[in-house]
Amino acid sequence: MVKTKKVLNKAAFTLMELIFAIIIISIAIVSLPLMIQINADGVEKSIVQEAIFAASAELMGATSYYWDARSIEESAISHLSRVIDVGGDCNPITRQRVGHVGRRCLDSSVAAGVNYYSANATLGLNSTVHTAQNMFDNSAAQAAGYKQQYQSIMEINIATFTDIAALNNDVKELTLSVIDPNDATKTLTSLRIYCANIGEVEYYKRRF
Numbered sequence: 002m003v004k005t006k007k008v009l010n011k012a013a014f015t016l017m018e019l020i021f022a023i024i025i026i027s028i029a030i031v032s033l034p035l036m037i038q039i040n041a042d043g044v045e046k047s048i049v050q051e052a053i054f055a056a057s058a059e060l061m062g063a064t065s066y067y068w069d070a071r072s073i074e075e076s077a078i079s080h081l082s083r084v085i086d087v088g089g090d091c092n093p094i095t096r097q098r099v100g101h102v103g104r105r106c107l108d109s110s111v112a113a114g115v116n117y118y119s120a121n122a123t124l125g126l127n128s129t130v131h132t133a134q135n136m137f138d139n140s141a142a143q144a145a146g147y148k149q150q151y152q153s154i155m156e157i158n159i160a161t162f163t164d165i166a167a168l169n170n171d172v173k174e175l176t177l178s179v180i181d182p183n184d185a186t187k188t189l190t191s192l193r194i195y196c197a198n199i200g201e202v203e204y205y206k207r208r209f
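With the sequence shown counted from 1, adding 1 to any position gets you this note's numbering.
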């Protein structure tokens, strides 16, 4: 003999399940604007991070130039960047500044206090100065995966250090500002780097 069991029909949702479903949907709807805001903030921060990388690369490239157009002797064969006697503080006998080892100043008669941050805008470090312009072409931006085409502004000024104000003439301050190409008044990031009048180390010479 087979025993039968009657199963009562169950409603699709109980009242408790309906309440929980309403609460969960409400939380999701309330949280949606916050999730969108967090996502937008993440995109904005990634754009700033991209701008920092691009600015750093341009600054590193700028510092590879000669400190000044006068940093190289016209008759020099090595084309190494030399120390300029900007403040008249090079020793007249050794032609070296204080702290310099093996780096001689050019045989120049530069007046004390002269600064070269704007002496020549076509050669040397000063040639990197520019107004707002694209940091790279569109093909390079797309290949590198940048989110947009950034623009930069390069400025060079006298470095201002309150504790060594007398030595400011031998230090240039480079400021690179990355701006939004769609809004010239919006600066995404601004980086500074300093370049000193210390010349370059000469190539190794083997003596037999």
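For glycine and all other residues, C-beta sits at the position ideal for the given N, C-alpha and C.
Query raised in the report: Which class does residue 177 belong to by DSSP, given the choice of helix, strand or coil?
Result: In the sequence shown, the residue the question calls residue 177 occupies position 176. Note: residue 177 maps to strand in three-state DSSP.
**Report entry** For residue 85 and residue 159, the rounded distance between their alpha carbons
**Finding:** Sequence index remark: in the sequence shown, residue 159 carries index 158 (1-based). Sequence index remark: in the sequence shown, residue 85 carries index 84 (1-based). Distance between the alpha carbons of residue 159 and residue 85: 15 angstroms.
Query raised in the report: How many Å lie between residue 106 and residue 188 at the Cα?
Result: Taking the first residue of the sequence shown as 1, we reach residue 106 at position 105. Taking the first residue of the sequence shown as 1, we reach residue 188 at position 187. Rounded to whole angstroms, residue 106 to residue 188 spans 40 angstroms at the Cα level.
Query raised in the report: Secondary structure at residue 102, three-state DSSP: helix, strand or coil?
Result: For the purposes of this step, residue 102 is taken as the residue at position 101 of the sequence shown. If DSSP states are grouped into helix, strand and coil, residue 102 belongs with coil.
Requested in this report: From the DSSP output, in three-state form, read off residue 149 for me.
Outcome: Translated into positions along the sequence shown, residue 149 becomes position 148. Residue 149 falls in the coil class under three-state DSSP.
Requested in this report: Report the option in 182, 19, 52, 197 whose CA atom is closest to the CA atom of residue 161.
Outcome: Taking the sequence shown and counting its residues from 1, one reaches residue 161 at position 160. Selected option, being the one with the closest Cα: 197.
Query raised in the report: With a CB to CB cut of under 8 angstroms and the five nearest residues on each side skipped, what residues in its chain are close to residue 118?
Result: Translated into the one-based positions of the sequence shown, residue 118 becomes position 117. Because residue 118 sits at a pLDDT of 49, beneath the cut-off of 50, its placement in the model cannot be relied upon, and the point is left open.
Query raised in the report: Which residues mark the beginning and the end of the beta strand (DSSP E) in which residue 133 is found?
Result: Residue 133 sits at position 132 when you count from the first residue of the sequence shown. Here the beta strand (DSSP E) through residue 133 covers 131-135.
Query raised in the report: In whole angstroms, what separates the C-alpha of residue 19 from that of residue 47?
Result: Translated into the one-based positions of the sequence shown, residue 19 becomes position 18. Translated into the one-based positions of the sequence shown, residue 47 becomes position 46. The straight-line gap from Cα to Cα measures roughly 41 angstroms.
Query raised in the report: Hey, how far is the Cα of residue 199 from the Cα of residue 131?
Result: If you number the sequence shown from 1, residue 199 lands on position 198. If you number the sequence shown from 1, residue 131 lands on position 130. Distance between the alpha carbons of residue 199 and residue 131 is about 25 angstroms.
Query raised in the report: Exposed or buried, which one is residue 152 when buried takes at least 16 other CB atoms within 10 Å?
Result: Residue 152 sits at position 151 when you count from the first residue of the sequence shown. Result: buried.
Query - C-beta contact flag for residue 155 and residue 63 at 8 angstroms - result: Along the sequence shown, read from residue 1 onward, the residue named residue 155 stands at position 154. Along the sequence shown, read from residue 1 onward, the residue named residue 63 stands at position 62. Judged by beta-carbon spacing, residue 63 lies within the 8 angstroms limit of residue 155, meaning their Cβ atoms are closer than that value.
Requested in this report: Report yes if the C-beta distance between residue 103 and residue 203 is below 8 angstroms; otherwise report no.
Outcome: Taking the sequence shown and counting its residues from 1, the one referred to as residue 103 is at position 102. Taking the sequence shown and counting its residues from 1, the one referred to as residue 203 is at position 202. For residue 103 and residue 203, yes; Cβs fall inside 8 angstroms.
Query raised in the report: Closest to residue 52 by CA distance: which of 133, 150, 175 is it?
Result: Within the sequence shown, numbered from 1, the residue matching residue 52 stands at position 51. When only C-alpha atoms are compared, the closest one is 150.
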